[in-house]
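Residue numbers (this note's numbering), protein chains in the order written: chain A, 1424 to 1928; chain B, 81 to 146.
First comes the structure, then the notes that go with it.
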Amino acid sequence: MAIGFFLLVVLITIGITIVAARRTRSAADYFVAAGSIGGITNGFAIAGDFMSAATLLGISAILFNAGYDAVIYLGAPIAAFGVLIFLLTDKLKELGRYTMADIVCARLAERPMRILSASTTLAFSIMYLMVQIVGAGSLIEVLFQIDYAVAVLIVSGLMILYVAAGGMLATTWVQIVKAVMLLVGLAVLATLTLAHFDFDFSTLRALADAKHGGDGFLARGGGLDLSLLSAVSLATGLCFGLVGSPHLIMRFFTVPDAATARQSAVVALSLISFVNLLIFFVIGPGAVALVKANPDYLDANGSIAGGANMVSIHLSRAVGGEAFFGIISAVAFATILAVVAGLALASVSAVAHDLYAKVFRSGHATSAEQLRVSRITAVALGIVVAGLGLLFERQNIAYLVSLTLAIGASTNFPLLILTIYWPGLTTRGALVGGCAGLVSAIVLTVLGPGVWVNVLGHEEPIFPEAYPALWSVALAFSLMICVSKFDASTQAKLDRAGFSIMRSE
Amino acid sequence: MRAKWIYTFVVLALFYSLVLAIPLSPDFMARPILGWLNRGMFLFLVLHIAGPTLAFIYLLRRRGER
């Protein structure tokens, strides 16, 4: 039955892409759906773009294993959307056209900033795509009994189709379909879970607390064994990495004006809050109560069948039977499709708009040329990502998640905040700080326990923290400010004068 | 508009309170306040209500300005 729902999702999304492809004629259509998406529609699409398989499966798994500490993962997007709505959304829409670089280049030198911005967008998107593709291969293999390699090729192929043929319009509607499926699916899952306990929260919590173990970590902090610095660094990376996510930022360019952009962000925040509350108060504890130590969901080794990421899927079978299990599996698949489409489109925009049209062609590329380059890039990106997905099969790439978010937090976030709010920022300061943020995020991750110990097999990490964001964000901000302060170049005077464009509020 | 900085501060303060309490005061946050609901869970609930509520208020204020 699960495979039937899987095919239904594929058919619906291909249908959407065919319709969208017929309506995509110009670069504006392709990159931002000609700014024609409504506020509520875009809000659903933003929620669909943000809520990856990590939200549905990963955070339930963290709650299942570590308990209460999952609040860091769940709370971060709420704080991030707060920052986006209150501080950034207006300027993102007013100054952005196709990519994040448009905002930075409104007051800083175009060529170097486009190259920096495209580099960080590509680094962020390709690493995040790898995480999604490798996760998708394993997940689809378990859910639908499809071979890992075939699963990777299916997801990559569909991603190429959505992005190359349908552009932003197809991606938006795939994300909306996914968001609706996810919201309805999780609401039904939570209701069925509560129904299992006669809608008595106390019984659910009591059983979950008892099953989670004597340490009490389902209700109190400490399950992830985080030090103060680790907790703050993880939270900083998750929160500000999300603010600096290029695939989310470009969603604000798809609406007609700043008021609609704000409205869409508020809709997205409300939807994400709703899903978080369901996961934290019902689905997570429900999985602990009904799946933990239940022989129906254990493999021969006594571990959760398919891994801890499967606990919410197992919960769907426990409370809803085979048909509901098929539906939730299809929701998980749709979730992956929507996120990879958004990430791929951000990469394609960075290459076709920032690098090709603005840097290599100095702004003289026609709409048709940008469209052609975009489609070639989408196909090339799909092939590269599928190759990486096959290469990294069964490998531990969990470190890429914290690295990706650290890159977003250490480059795009300080760049956006200082561009919009600090008159003193100069091109030189932005370049030095942005490059330092990017390099330090990568180097500290490699030297940390996630790669140095777990992947490379050394006994002790050179850098003791698993989450580098606190350090790399601080370094990026410090260098951007210090280098800008001492920058006396002619370009610096132009950059400071250019701040007047930010005073339109 | 000063309100946007206040709203941002409130949301970030709630989030970082939740985060800092994990290593600093897990026992304090684990004390029940209403049945199974403890202080930590309550703070989590407040963050998830305050975030969208402040965002909605901000939306209305900005609409009123125009």
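C-beta: ideal position from N, C-alpha, C; glycine also.
Computed from a predicted structure; not experimentally measured.
*Where the beta strand (DSSP E) containing L1647/A begins and where it ends*: Translated into the one-based positions of the first sequence, residue 1647/A becomes position 224. The continuous stretches of beta strand (DSSP E) do not include L1647/A, and DSSP gives it neither H nor E.
*Does any residue of chain B bring its CB to less than 8 angstroms from the CB of D1378/A?*
No answer is possible for residue 1378/A: the residues shown for chain A start at 1424 and end at 1928.
*asked:* For L1393/A, report the span of its alpha helix (DSSP H) as first-last.
replied: This structure leaves residue 1393/A out entirely; chain A is present only between 1424 and 1928.
*Please list the partners that I127/B has in chain A, where partner means a Cβ-to-Cβ separation under 7 angstroms.*
On the second sequence, residue 127/B is found 47 positions in, with the first residue counted as 1. What sits at residue 127/B in the sequence shown is Leu, not Ile. Around L127/B, the beta-carbon contacts reaching into chain A at under 7 angstroms are G1498 and I1501.
*Determine which residues share a DSSP beta bridge with I1727/A and list them.*
The residue labelled residue 1727/A in the question sits at position 304 within the first sequence. I1727/A is bridged by DSSP to L1721/A.
*Of all the options L1497/A, G1466/A, G1471/A and D1472/A, which has the alpha carbon lying nearest to the alpha carbon of G1481/A?*
One-based indexing of the first sequence puts residue 1481/A at position 58. Considering only alpha carbons, the answer is L1497/A.
*Anything in chain B within Cβ reach of A1658/A, meaning under 8 angstroms, just list it in chain order.*
Residue numbering aside, residue 1658/A sits at position 235 when the first sequence is read from its first letter. Within chain B, the residues near A1658/A are F95, Y96 and V99.
_Cutting at 6 angstroms between CB atoms, please list the residues of its own chain near D107/B, excluding the five before and the five after it._
Numbered from its first residue, the second sequence carries residue 107/B at position 27. Correct list: empty, nothing qualifies.
_My assumption, with CB atoms under 8 angstroms, is that A1541/A sits in contact with V1796/A. Please give the rounded CB distance._
As a working mapping, residue 1541/A is identified with position 118 in the first sequence. As a working mapping, residue 1796/A is identified with position 373 in the first sequence. A1541/A to V1796/A, Cβ: 13 angstroms. No contact.
*Can you grab the Cα-Cα spacing for the pair G1709/A / V1597/A, in whole Å?*
Locating residue 1709/A in the first sequence gives position 286, where the first residue counts as 1. Locating residue 1597/A in the first sequence gives position 174, where the first residue counts as 1. Between the alpha carbons of G1709/A and V1597/A lies a distance of about 29 angstroms.
*Between G131/B and chain A, is there a C-beta pair that is closer than 8 angstroms?*
Within the second sequence, residue 131/B is the residue found at index 51, counting from 1. Contact of G131/B with chain A is assigned, a C-beta pair being separated by under 8 angstroms.
_Just to confirm my understanding: we take D1680/A, look at its own chain, exclude 5 residues before and 5 after, and list those with CB closer than 8 angstroms. What are they?_
For the purposes of this step, residue 1680/A is taken as residue 257 along the first sequence, with counting starting at 1. Around D1680/A, the same chain offers K1516 as residues with beta carbons nearer than 8 angstroms, after the five sequence neighbours per side are excluded.
*Who are the near neighbours of R1534/A in its chain, counting only those whose CB is closer than 7 angstroms to its CB and skipping five residues on each side?*
As a first step, residue 1534/A is located in the first sequence; it is residue number 111 there, counting from the start. Within the same chain, R1534/A has close Cβ partners V1782.
_Three-way DSSP call (helix, strand, coil) for I1563/A in this model_ = As a first step, residue 1563/A must be located in the first sequence, where it is residue number 140. The answer is helix: DSSP assigns I1563/A an H, G or I state.
*Give the single residue among H128/B, L139/B and P103/B whose Cα lies nearest to the Cα of S1656/A.*
Indexing the first sequence from 1 puts residue 1656/A at position 233. Taking each of H128/B, L139/B and P103/B in turn and checking the Cα distance to S1656/A, the smallest one comes out for P103/B.
*What is the residue span of the alpha helix (DSSP H) that I113/B lies within?*
Looking up residue 113/B in the second sequence gives position 33. Looking at the DSSP string, I113/B is not in any alpha helix (DSSP H); the run it does join, the beta strand (DSSP E), is P112 to L114.
*Taking Cβ-Cβ distances below 8 angstroms as the criterion, which residues of the stretch 109 to 127 of chain B are in contact with chain A?*
Those residues of the stretch 109 to 127 of chain B placed with their C-beta closer than 8 angstroms to a C-beta in chain A are M109, A110, G115, W116, N118, G120, M121, F124, L125 and L127, ordered along the chain.
*chain C contact for R142/B (CB, 8 angstroms cutoff)*: Among the chains of the structure shown, chain C does not appear; the protein chains present are A and B.
*Roughly how many whole angstroms lie between the Cα atoms of E1928/A and I86/B?*
As a first step, residue 1928/A is located in the first sequence; it is residue number 505 there, counting from the start. As a first step, residue 86/B is located in the second sequence; it is residue number 6 there, counting from the start. In this predicted model, E1928/A has a pLDDT of only 49, less than 50, meaning its place in the structure is not dependable; the value taken from the coordinates is given anyway. Between the alpha carbons of E1928/A and I86/B lies a gap of roughly 17 angstroms.
*Interface flag, D1621/A vs chain B, CB-CB below 8 angstroms*: As a position in the first sequence, residue 1621/A is number 198, starting the count at 1. Not an interface residue.
_Which of helix, strand or coil DSSP assigns to E1928/A_ = On the first sequence, residue 1928/A is found 505 positions in, with the first residue counted as 1. Its pLDDT being 49, under 50, E1928/A is placed unreliably by the model, and nothing is read from it.
_Comparing C-alpha positions only, which one of A1757/A, Q1914/A, V1565/A and T1543/A sits nearest to D1722/A?_
Within the first sequence, residue 1722/A is the residue found at index 299, counting from 1. Comparing alpha-carbon positions, the option among A1757/A, Q1914/A, V1565/A and T1543/A lying closest to D1722/A turns out to be V1565/A.
*Bridge partners - N118/B, DSSP secondary structure assignment*: Here residue 118/B refers to the residue found at position 38 of the second sequence. Note: N118/B sits in a beta bridge opposite P112/B.
*Indicate whether at least one CB of chain B lies closer than 8 angstroms to the CB of G1890/A.*
Translated into positions along the first sequence, residue 1890/A becomes position 467. First, the amino acid is wrong: residue 1890/A is Tyr here, not Gly. No, no contact with chain B.
*G1636/A beta carbon less than 8 angstroms from that of Y1491/A*: Sequence index remark: in the first sequence, residue 1491/A carries index 68 (1-based). Sequence index remark: in the first sequence, residue 1636/A carries index 213 (1-based). Contact flag unset, no.
*Residue closest to S1790/A, alpha-carbon to alpha-carbon, out of T1800/A, H1776/A, I1799/A and A1803/A*: Taking the first sequence and counting its residues from 1, one reaches residue 1790/A at position 367. Across the set T1800/A, H1776/A, I1799/A and A1803/A, the C-alpha of H1776/A shows the shortest separation from the C-alpha of S1790/A.
_Alpha carbon of I1441/A to alpha carbon of A1629/A, nearest angstrom_ = Stepping through the first sequence from its first residue, residue 1441/A is reached at position 18. Stepping through the first sequence from its first residue, residue 1629/A is reached at position 206. Here the C-alpha atom of I1441/A lies approximately 50 angstroms from the C-alpha atom of A1629/A.
*Going by the beta-carbon positions, is the gap between T1512/A and R1685/A smaller than 8 angstroms?*
Your numbering for residue 1512/A matches position 89 in the first sequence. Your numbering for residue 1685/A matches position 262 in the first sequence. Closer than 8 angstroms, so yes.
*Does DSSP classify H1787/A as helix, strand or coil?*
By one-based count along the first sequence, residue 1787/A stands at place 364. Coil at H1787/A, not helix or strand.
*Under the assumption that R143/B contacts A1682/A (Cβ atoms under 8 angstroms), give the Cβ distance between them as a whole number of angstroms.*
Sequence index remark: in the second sequence, residue 143/B carries index 63 (1-based). Sequence index remark: in the first sequence, residue 1682/A carries index 259 (1-based). With 8 angstroms as the limit, R143/B and A1682/A qualify as a contact, their Cβ atoms being about 7 angstroms apart.
*When DSSP labels each residue in this structure, what does E1398/A get in the three-state scheme?*
Residue 1398/A lies beyond the range of chain A shown here (1424 to 1928); nothing can be said about it.
*Does any C-beta atom of chain B lie closer than 8 angstroms to the C-beta of F1922/A?*
By 1-based counting over the first sequence, the position of residue 1922/A is 499. No, no contact with chain B.
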